[in-house]
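For the sequence shown, the numbering used here gives the first residue as 20, with consecutive numbering after it. A short write-up of the structure that comes next.
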Amino acid sequence: MTLLRRGDAQSKPFETVVTPQSAGWGFSGLRIVELAVGARVSFTTGDEEMIVLPLVGGCDVTCDDERVTLTGRRSVFSRVTDFAYLPRDAAVTVRAATGGRFALPAARADRRLPFRYGPAEDVPVELRGAGQASRQVNNFCTPDSFDADRLIAVEVLTPGGNWSSYPPHKHDAPGESETALEEIYYFEVAGSPSGAAGAGYQRVYGHPDRPIDICAEVRSGDVVLIPYGWHGPSMAAPGYDLYYLNVMAGPGERKWLFSDDPAHAWVRGTWTGQAMDPRLPLTSATERRRP
């Protein structure tokens, strides 16, 4: 199944569980857990490296005999968060004194790297595209920003009315221009001033010999799995900012190389001379109060 609605992949205590086995591929995984005030969750990482990434709230993370405290954030639309890296073959407890919601992007790993704290201030924030293709990318776990064995993970924030993950691109044919990476998109959508839930849209399409064909409405908590094929655009409806967490891993060298769909690659050339959306950046390491 390419599209997982919120709750489709539950395995208590986790609201969402995507493993290489459940996805039918080899490396990428994701768990989402919501913790009540004072609650905790304990687990082992097994053959996966993971990151504890606060979506809402903060937490204490204990890994074997070490502990770090994550400040976290009020929401994915308020701040770039700090995070914790978990090595494979570790026993972990996450405790949220004031409650919260947490993502655990994961990848099968060969090397066992140290348990580490990632400060929010060290996360590179990139503004990508231009005009109505303007978006913000928080590169918290890329090959250039943070050491990991296979895991690549970023956050993307797209202002309402803009398109991101565009032009459509793919990374399924290893070579000089692409690395083979399985990808997970996890979505959150900002609500309206009255509190009404928002929605965005995601497009994925494949090749004649490897078909995928999806253009789906996505809401907070939904997940899209991309084993191969062209993906994009990710569309933020006017008035509703869109967030997604990208989780990627594959069998080769830890690089993020991709190819644009040749039919739409020309769009990049139109960005020259266009201004970046003035609403960006939507977040930084400093908490932002939204109206």
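From the three backbone atoms N, C-alpha and C, an ideal C-beta is built for every residue, glycine too.
Three-state secondary structure (DSSP) of residue i
i	result
Glu-195	coil
Arg-86	strand
Pro-39	helix
Pro-124	strand
Asp-232	strand
Gly-48	strand
Phe-62	strand
Thr-112	strand
Gly-77	strand
Val-99	coil
Ser-30	strand
Tyr-104	strand
Val-56	coil
Tyr-224	strand
Arg-92	strand
Gly-118	coil
Leu-132	coil
Residue i, buried or exposed, once every other Cβ within 10 Å from all chains shown has been counted against 16
i	result
Lys-31	exposed
Cys-78	buried
Val-56	exposed
Ala-216	exposed
Leu-146	exposed
Pro-212	exposed
Gly-214	exposed
Trp-44	buried
Ala-282	exposed
Asp-166	exposed
Gln-155	buried
Pro-270	exposed
Gly-258	exposed
Glu-207	buried
His-26	Sequence inspection shows Gly at residue 26; the His mentioned does not correspond to that position. The residue in question, Gly-26, is exposed, as its Cβ has fewer than 16 Cβ neighbours within 10 Å.
His-190	buried
Thr-289	exposed
His-250	buried
Pro-133	exposed
Ala-192	exposed
Pro-230	exposed
Pro-138	exposed
Glu-53	buried
Pro-178	buried
Ala-115	buried
Ala-284	exposed
Arg-107	buried
Whole-angstrom C-beta distance between residue j and residue i, which should lie under 8 Å
i	j	result
Val-173	Tyr-204	Not really, about 11 Å apart at Cβ, beyond 8 Å.
Glu-67	Arg-127	6 Å
Leu-49	Leu-123	7 Å
Thr-112	Thr-81	5 Å
Ala-58	Ser-41	Their Cβ separation, rounded to whole angstroms, is 25 Å, which puts Ala-58 and Ser-41 out of contact at 8 Å.
Thr-302	Ser-164	Between Ser-164 and Thr-302 the Cβ distance is about 16 Å, and since that is not below 8 Å, they are no contact.
Asp-232	Gly-240	Not confirmed; about 23 Å, so no contact.
Pro-252	Tyr-185	4 Å
Val-144	Val-99	6 Å
Proximity to residue i [Cα-Cα], best of the options
i	options	result
Ser-153	Thr-35, Asp-260, Arg-114, Asp-232	Asp-260
Tyr-262	Thr-35, Asp-163, Ala-218	Ala-218
Ile-51	Arg-120, Leu-22, Cys-82, Leu-105	Arg-120
Ala-125	Leu-54, Leu-72, Glu-197	Leu-72
Gly-210	Val-95, Ala-109, Gln-221	Val-95
Glu-195	Tyr-247, Arg-130, Val-175, Trp-275	Trp-275
Glu-236	Ala-58, His-226, Ala-255, Arg-229	Ala-255
Asp-129	Glu-140, Ala-110, Asp-168, Leu-105	Asp-168
Cys-234	Pro-187, Ala-268, Val-266, Ala-192	Pro-187
Asp-83	Arg-273, Ser-278, Ala-109	Ala-109
Asn-181	Pro-143, Thr-161, Glu-197, Gln-221	Gln-221
Thr-198	Gly-65, Glu-272, Val-175, Pro-246	Glu-272
Phe-46	Met-267, Ala-294, Gln-293, Asp-296	Met-267
Arg-93	Arg-86, Val-87, Asp-101	Asp-101
Arg-131	Leu-105, Val-144, Thr-38	Leu-105
Ser-183	Thr-64, Cys-160, Gln-151, Pro-162	Gln-151
Residue-level contact to chain D via CB, residue i, 7 Å cutoff
i	result
Ser-196	Going by chain labels, chain D is absent from the structure shown, which holds only one protein chain.
Practice task
Please go through the stretch 249–308 and give each complete beta strand (DSSP E) segment of 3 or more residues, from N-terminal end onward.
Solution key: 249–255, 261–268
Exercise for the section: Could you tell me which uninterrupted beta strand (DSSP E) segments, each at least 3 residues in length, are contained entirely in the stretch 134–222, listed from first to last along the chain? Expected result: 135–137, 144–147, 154–160, 171–177, 201–208
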